[in-house]
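J.:
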Amino acid sequence: KQEVTQIPAALSVPEGENLVLNCSFTDSAIYNLQWFRQDPGKGLTSLLLIQSSQREQTSGRLNASLDKSSGRSTLYIAASQPGDSATYLCAVRLPSGGGADGLTFGKGTHLIIQP
Amino acid sequence: GAGVSQSPSNKVTEKGKDVELRCDPISGHTALYWYRQSLGQGLEFLIYFQGNSAPDKSGLPSDRFSAERTGGSVSTLTIQRTQQEDSAVYLCASSLQGTGGSRPKNIQYFGAGTRLSVL
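In structure tokens form, the structure reads like this:
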């Protein structure tokens, strides 16, 4: 059974710092990996999706890397801002039939950016 | 276009009652997913619909849970004889499956969820 672990569970840093969130998964045979953010009382917003054949994806100040063989992904946030405060979730999908299956989520990293 | 819409946003019910939660996916998305987010448990997958294929029910926690998707669009998640442990936020997501074309594939877009409280 696929398990996803996120470290740290919580993180508080001053505004402007660069930071790294970590995600590890036990079954390396993934179809893709997705990073989300969740704001209190709201649904999830997709940030980046990395296909199993890719090594990284970038969007603005965000960069996600994937090392499938070691079962790891990192989300790098550059020049953090108070608006980045949220819970960040990592999720993987296993290949299943046409590659469409439910996501397995980590429990998230609760990030606070201090102004 | 509009995102994934879920209703109601909040539902309070008494133990033993049945509840129905609704999800309107993004227009044109063929795949629809239901997840449950419980305090301290994280997000867990419940059920998945793809087009007209039989749904993947592997994540449903008990036979009190069922879901249907009418006409390949709107989906309803039904919980019968609710229990206090069913209290959670129920999230729906949709995605465009496959390869090719210009629209992004396989990215799941989530609704804001329905917060269910069973008293």
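Chain order of the listed sequences is A and B.
In terms of my numbering, the first sequence opens at residue 28 and continues consecutively.
In terms of my numbering, the second sequence opens at residue 20 and continues consecutively.
Even for Gly, the Cβ is constructed at its ideal location relative to N, Cα and C.
(1) What residues match up with glutamate 87(B) in a beta bridge as DSSP calls it?
(2) Which residue wins for smallest C-alpha separation from arginine 100(B), given the options Thr49(B), Leu138(B), Ser24(B), Ser57(B)?
(3) For valine 47(A), which residues in the same chain have their Cβ closer than 6 Å to its Cβ, ignoring the five residues on either side in sequence?
(4) Are the C-beta of alanine 127(A) and some C-beta of chain B separated by less than 7 Å?
(5) Given a threshold of 16 other Cβ atoms within 10 Å of its Cβ, counted over all protein chains shown, does glutamine 56(B) qualify as buried or as exposed?
(6) So what does DSSP say about glycine 125(A), is it helix, strand or coil?
(7) Under a three-way DSSP split, which group does proline 109(A) fall into?
(8) Which chain A residues are close to phenylalanine 84(B), counting only those with a beta carbon under 7 Å from its beta carbon?
(9) Is the Cβ of phenylalanine 132(A) closer than 7 Å to any Cβ of chain B?
(10) Determine, using beta carbons only, whether serine 73(A) comes closer than 7 Å to chain B.
(11) Give a yes or no on whether the minimum CB-CB distance between tyrosine 109(B) and chain A is below 7 Å.
(12) Quick one: what's got a C-beta closer than 7 Å to glutamate 42(A)'s C-beta in the same chain, skipping five residues either side?
(13) Over the uninterrupted beta strand (DSSP E) stretch that includes isoleucine 139(A), give me the two end residues.
(14) Does DSSP classify glutamine 61(A) as helix, strand or coil?
(15) Mind pulling the chain B residues with CB within less than 7 Å of asparagine 59(A)?
(16) Answer yes or no: does any C-beta atom of chain B fall closer than 7 Å to that of arginine 70(A)?
(17) Could you tell me which of Ser79(A), Gly129(A), Leu138(A), Thr114(A) sits nearest to glycine 68(A), measuring between CA atoms?
(18) Please classify glutamine 33(A): does DSSP put it in a helix, a strand, or coil?
(19) As a quick exercise: from His137(A), Ala118(A), Ile34(A), pick the residue whose alpha carbon is nearest that of serine 79(A).
(20) Excluding the 5 residues preceding and the 5 following valine 31(B) in the sequence, name in chain order all residues of the same chain whose CB lies nearer than 6 Å to its CB.
(21) Could you tell me which residues DSSP pairs with threonine 85(A) in its beta bridges?
(22) Do serine 51(A) and arginine 99(A) count as a contact pair if the criterion is CB distance below 7 Å?
(23) Check each candidate in Val93(B), Pro80(B), Ser46(B) and name the one with the smallest Cα separation from glutamate 104(B).
(24) Exposed or buried, what is threonine 133(B) when buried is set at 16 or more other beta-carbons lying within 10 Å of its beta-carbon?
T.: Quick answer:
(1) As a working note, residue 87(B) is residue 68 in the second sequence. Checking the DSSP bridge columns, you'll see glutamate 87(B) partnered with Thr95(B).
(2) The count along the second sequence starts at 1 and reaches residue 100(B) at position 81. Cα-wise, what sits closest to arginine 100(B) is Leu138(B).
(3) The residue you call residue 47(A) lines up with position 20 of the first sequence. Listed in chain order, the non-local C-beta contacts of valine 47(A) below 6 Å within the same chain comprise Thr101, Tyr103, local neighbours out to five positions each way being set aside.
(4) On the first sequence, residue 127(A) is found 100 positions in, with the first residue counted as 1. Only weak support is given to the placement of alanine 127(A): the predicted model assigns it a pLDDT of 46, under 50, and the question is left unresolved by the model.
(5) The count along the second sequence starts at 1 and reaches residue 56(B) at position 37. Answer is buried; the Cβ neighbour count reaches 16.
(6) As a position in the first sequence, residue 125(A) is number 98, starting the count at 1. Low local confidence applies: a pLDDT of 45 at glycine 125(A) is under 50, so the model's placement there is unreliable, and no value is given.
(7) Walking along the first sequence from the start, residue 109(A) turns up at place 82. In the structure shown, proline 109(A) falls within a helical segment according to DSSP collapsed to helix, strand and coil.
(8) Numbered from its first residue, the second sequence carries residue 84(B) at position 65. Neighbours of phenylalanine 84(B) on chain A: none; closest Cβ ~14 Å, over 7 Å.
(9) Residue mapping note: residue 132(A) aligns to position 105 of the first sequence, counting from 1. Chain B places a beta carbon closer than 7 Å to that of phenylalanine 132(A), counting this residue as a contact.
(10) Stepping through the first sequence from its first residue, residue 73(A) is reached at position 46. Taking CB atoms only, serine 73(A) has a neighbour in chain B less than 7 Å away.
(11) Counting from one through the second sequence, the residue named residue 109(B) turns up at place 90. It does not: the Cβ of tyrosine 109(B) has no partner Cβ on chain A nearer than 7 Å.
(12) Here residue 42(A) corresponds to residue number 15 of the first sequence, with the count starting at 1. Cβ neighbours of glutamate 42(A) beyond the five flanking positions: Ser107, Gln108, Pro109, Ile140, Gln141, Pro142.
(13) For the purposes of this step, residue 139(A) is taken as the residue at position 112 of the first sequence. 136–141 is the extent of the beta strand (DSSP E) around isoleucine 139(A).
(14) Counted from its first residue, the first sequence places residue 61(A) at position 34. In the displayed model, glutamine 61(A) falls within a strand according to three-state DSSP.
(15) As a first step, residue 59(A) is located in the first sequence; it is residue number 32 there, counting from the start. Think of a sphere of 7 Å around the beta carbon of asparagine 59(A): the chain B residues whose beta carbon falls inside it are Asn125, in chain order.
(16) The residue you call residue 70(A) lines up with position 43 of the first sequence. Note that residue 70(A) corresponds to glycine in the displayed sequence, not to arginine. Output row for glycine 70(A): interface = yes.
(17) To locate residue 68(A), count along the first sequence from 1; it is residue 41. Here the closest residue by C-alpha is Thr114(A).
(18) The sequence position of residue 33(A) within the first sequence is 6, counting from 1. Reduced to three states, the DSSP call for glutamine 33(A) is strand.
(19) Reading the first sequence from its first residue, position 52 is the one you call residue 79(A). Among His137(A), Ala118(A), Ile34(A), the Cα nearest to that of serine 79(A) is on Ala118(A).
(20) Here residue 31(B) corresponds to residue number 12 of the second sequence, with the count starting at 1. Correct list, in chain order: Ser136.
(21) Sequence index remark: in the first sequence, residue 85(A) carries index 58 (1-based). Here threonine 85(A) is bridged, per DSSP, to Asn90(A).
(22) The residue labelled residue 99(A) in the question sits at position 72 within the first sequence. The residue labelled residue 51(A) in the question sits at position 24 within the first sequence. Going by beta carbons, arginine 99(A) and serine 51(A) fall inside the 7 Å limit.
(23) Residue 104(B) sits at position 85 when you count from the first residue of the second sequence. Considering only Val93(B), Pro80(B), Ser46(B), the residue with the shortest C-alpha distance to glutamate 104(B) is Pro80(B).
(24) Stepping through the second sequence from its first residue, residue 133(B) is reached at position 114. Threonine 133(B) should be labelled buried.
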